[in-house]
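Be aware that the sequence shown starts at 222, since it is given in my numbering, and climbs by one per residue.
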Amino acid sequence: MDHLITKFYRNLFLSNRLFAGLACAVLLFVLSFFFPWLADVPLLFLLAFMLLVVVDIFLLFRVQHEGIFARRNTPNRLSNGDDNVLTINLENFYRFNVQLGIIDEIPAQFQKRDIWFEAGMKPNENKIISYKLKPLKRGEYKFGNLHIYVASPLRIIQRRYTFEQEQTLPVYPSFLQMRKFELMAVSNRLSEVGVKKIRRLGHSMEFEQVKNYVAGDDYRTINWKATARRGDMMVNSYSDEKSQHVYCLIDKSRAMKMPFEGLSLLDYAINASLVLSNIAIQKEDKAGLITFGEKIGSILPADRRPVQLNKIQEVLYKEKTRYLESNQEALFIAIRNRLKQRSLLVLFTNFESLSALERQLPFLKRISRFHLLLVVFFENTGLKSLAEEPARDLEGVYIKTIAEKFLYEKKQIVLELAKHGIQSILTTPQNLTINTINRYLEIKSRQSI
Numbered sequence: 222m223d224h225l226i227t228k229f230y231r232n233l234f235l236s237n238r239l240f241a242g243l244a245c246a247v248l249l250f251v252l253s254f255f256f257p258w259l260a261d262v263p264l265l266f267l268l269a270f271m272l273l274v275v276v277d278i279f280l281l282f283r284v285q286h287e288g289i290f291a292r293r294n295t296p297n298r299l300s301n302g303d304d305n306v307l308t309i310n311l312e313n314f315y316r317f318n319v320q321l322g323i324i325d326e327i328p329a330q331f332q333k334r335d336i337w338f339e340a341g342m343k344p345n346e347n348k349i350i351s352y353k354l355k356p357l358k359r360g361e362y363k364f365g366n367l368h369i370y371v372a373s374p375l376r377i378i379q380r381r382y383t384f385e386q387e388q389t390l391p392v393y394p395s396f397l398q399m400r401k402f403e404l405m406a407v408s409n410r411l412s413e414v415g416v417k418k419i420r421r422l423g424h425s426m427e428f429e430q431v432k433n434y435v436a437g438d439d440y441r442t443i444n445w446k447a448t449a450r451r452g453d454m455m456v457n458s459y460s461d462e463k464s465q466h467v468y469c470l471i472d473k474s475r476a477m478k479m480p481f482e483g484l485s486l487l488d489y490a491i492n493a494s495l496v497l498s499n500i501a502i503q504k505e506d507k508a509g510l511i512t513f514g515e516k517i518g519s520i521l522p523a524d525r526r527p528v529q530l531n532k533i534q535e536v537l538y539k540e541k542t543r544y545l546e547s548n549q550e551a552l553f554i555a556i557r558n559r560l561k562q563r564s565l566l567v568l569f570t571n572f573e574s575l576s577a578l579e580r581q582l583p584f585l586k587r588i589s590r591f592h593l594l595l596v597v598f599f600e601n602t603g604l605k606s607l608a609e610e611p612a613r614d615l616e617g618v619y620i621k622t623i624a625e626k627f628l629y630e631k632k633q634i635v636l637e638l639a640k641h642g643i644q645s646i647l648t649t650p651q652n653l654t655i656n657t658i659n660r661y662l663e664i665k666s667r668q669s670i
């Protein structure tokens, strides 16, 4: 019995209407001192109002079982840096219309305390409420309970229902972005998201078949022997070279800890690596992965089997930034020992100055002797906005000059790498994936690997 009473009081909440009604009763009692003709009106009002409170309590608490059902529906995992859709399923078992207030205890990582939804429901009605969450870090996210506050048409009090919906969801690298690019590639609509159509220069050395000539085929591919034998115009068909090795090299050092719109540069690199690996596998190349900081982290040999993408996701899920400078010498040794075939190496790193490049350049030159190296690093968008902002005083002139100097050094880094035969991409974080895919497709079309 005591448990039921305790549960009753814990789930009983007072609404603003109750306080408004009590305030009106107090005002009537005060006015009755100045206006005797009010007589018993304040007392009658108070009794009538308290009767409504009792009726409201009876309506909400008379049901023996739950009057409201609620369940949170979530995906098996969340995608980092993307809007993930979650839903709350509601069902009303009351025999009258109810007004609901819903609180969902979302993970602490979001630092949001305003997840409050309101909904009106008719008897026996089902309703679905959708909302989006955008995680900015990989790892485990713990959800709490679901609280539903129910009010009858009187709306004087509220009854709280608590549904135990505790669950922990992992946040993986952006697989939603990966699927988006995959669907675009399958439907031949990659140009809609910024991927350029690359014109092939010549033919690859991989012969596919001899087929009948159709309008638009290159006259240079005509197979004259097959044409004479068949009596119809026949052409040689070529396909892109397959089974080429594409490795994403991800720098986990302190240079990749810089944030941009909530995500670190490491997370941008991880998301781009996942998309690039998927595109490479779609192109029937073999995708691999190497992570490194002050020492070598994970090495995943290149493969194109369907399970390879899941292996890449599992490795990337656990990676974190380090606080020391990257060891390019250890990276070179690992590449020489583990990569026996010439490969495309896409190195995601960051250089803020020419001196930072000069410390790493000897090892980058060694790597580029044996493999095709593509260095991807980031524009400092904060410095760019400072450089574009007009100076209003002497301090502003100094700040603008320094910002322009650092931006100029970034361009000098591109030229310095090109001087040593190393390709590079200088990109903003938000354009990283698009620019990397474009360069990969360009390299394939030129048969540079």
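Here a beta-carbon is modelled for each residue, glycine too, at the ideal position from N, C-alpha and C. Only a predicted model underlies this, so the values are computations on that prediction, with no experimental measurement involved.
Assigned secondary structure, residue i (DSSP; H/G/I helix, E/B strand, else coil)
{"i": "L578", "result": "helix"}
{"i": "K507", "result": "strand"}
{"i": "K358", "result": "coil"}
{"i": "V618", "result": "helix"}
{"i": "S378", "result": "In the sequence under discussion, the amino acid at residue 378 is Ile, which differs from the Ser named in the question. Strand."}
{"i": "P583", "result": "helix"}
{"i": "S589", "result": "helix"}
{"i": "Q388", "result": "strand"}
{"i": "I500", "result": "helix"}
{"i": "L521", "result": "strand"}
{"i": "E312", "result": "strand"}
{"i": "I623", "result": "helix"}
{"i": "M271", "result": "helix"}
{"i": "P263", "result": "helix"}
{"i": "S474", "result": "coil"}
{"i": "P650", "result": "helix"}
{"i": "N492", "result": "helix"}
{"i": "I369", "result": "strand"}
{"i": "Y544", "result": "coil"}
{"i": "N558", "result": "helix"}
{"i": "Q332", "result": "coil"}
N- and C-terminal bounds of the alpha helix (DSSP H) containing residue i
{"i": "V284", "result": "From DSSP, V284 is part of no alpha helix (DSSP H); its letter is neither H nor E."}
{"i": "Y538", "result": "528-539"}
{"i": "F250", "result": "237-255"}
{"i": "Q663", "result": "A quick correction: the sequence has Glu, not Gln, at residue 663. Residues 653-666."}
{"i": "A449", "result": "445-451"}
Spatial distance of residue i from residue j (CA atoms)
{"i": "L357", "j": "K348", "result": "30 angstroms"}
{"i": "L264", "j": "F250", "result": "8 angstroms"}
{"i": "L252", "j": "I378", "result": "27 angstroms"}
{"i": "I491", "j": "Q668", "result": "26 angstroms"}
{"i": "R475", "j": "A624", "result": "21 angstroms"}
{"i": "P391", "j": "Q332", "result": "17 angstroms"}
{"i": "F481", "j": "V276", "result": "55 angstroms"}
{"i": "N659", "j": "R526", "result": "23 angstroms"}
{"i": "L307", "j": "I520", "result": "35 angstroms"}
{"i": "S425", "j": "K665", "result": "With a pLDDT of only 47 at S425, under 50, the local geometry of the prediction cannot be trusted, and the value read off the model is given with reservation. Approximately 9 angstroms, taken between the alpha carbons."}
{"i": "R557", "j": "L545", "result": "23 angstroms"}
{"i": "T622", "j": "I643", "result": "29 angstroms"}
{"i": "L259", "j": "F279", "result": "31 angstroms"}
{"i": "N313", "j": "E287", "result": "9 angstroms"}
{"i": "E361", "j": "L375", "result": "42 angstroms"}
CB-CB length for residue i against residue j, believed under 8 angstroms
{"i": "E403", "j": "N366", "result": "Not quite, the Cβ-Cβ distance comes to about 36 angstroms (not below 8 angstroms), so this is no contact."}
{"i": "R380", "j": "L233", "result": "7 angstroms"}
{"i": "L484", "j": "G302", "result": "5 angstroms"}
{"i": "S373", "j": "L272", "result": "Between L272 and S373 the Cβ distance is about 14 angstroms, and since that is not below 8 angstroms, they are no contact."}
{"i": "I324", "j": "A340", "result": "No, I324 and A340 are not in contact; Cβ-Cβ is about 12 angstroms, not under 8 angstroms."}
{"i": "Q398", "j": "T227", "result": "Contact doesn't hold; Cβ gap of about 49 angstroms is too wide."}
{"i": "K353", "j": "N305", "result": "6 angstroms"}
{"i": "V435", "j": "M455", "result": "Their Cβ separation, rounded to whole angstroms, is 11 angstroms, which puts V435 and M455 out of contact at 8 angstroms."}
{"i": "R559", "j": "K473", "result": "R559 to K473, Cβ: 18 angstroms. No contact."}
{"i": "T648", "j": "V597", "result": "7 angstroms"}
{"i": "I517", "j": "L552", "result": "7 angstroms"}
Endpoints, the beta strand (DSSP E) within which residue i is located
{"i": "F338", "result": "337-342"}
{"i": "Q320", "result": "319-325"}
{"i": "A291", "result": "289-294"}
Cβ-heavy atom distance, residue i to the ligand COA, below 7 angstroms
{"i": "K621", "result": "You won't find the ligand COA in this model; it holds no ligand whatsoever."}
- Item | Validate contact between the segment 624-633 and the segment 498-506 using beta carbons, cut 8 angstroms, 3 pairs | no
- Message: Three Cβ pairs or more, each shorter than 8 angstroms: is that satisfied between the segment 379-388 and the segment 239-249?
- Response: no
- Mind the definition here: the segment 583-597 touches the segment 519-537 only if three or more C-beta pairs lie below 8 angstroms; say whether that holds. As far as the Cβ criterion goes, the segment 583-597 does not touch the segment 519-537, which means the pair count is below three.
- Message: With three or more beta-carbon pairs closer than 8 angstroms as the criterion, would you say the segment 631-651 touches the segment 558-576?
- Response: Look at the beta carbons and you see the segment 631-651 touching the segment 558-576: at least three pairs across the two are nearer than 8 angstroms.
- Task: Indicate whether the contact test is met: 3 or more Cβ pairs, each with one atom in the segment 492-500 and one in the segment 465-473, closer than 8 angstroms.
- Result: yes
- Using 8 angstroms as the threshold, is the segment 600-610 in touch with the segment 579-587, meaning 3 or more CB pairs across them? No: the two stretches stay apart, fewer than three of their Cβ pairs being nearer than 8 angstroms.
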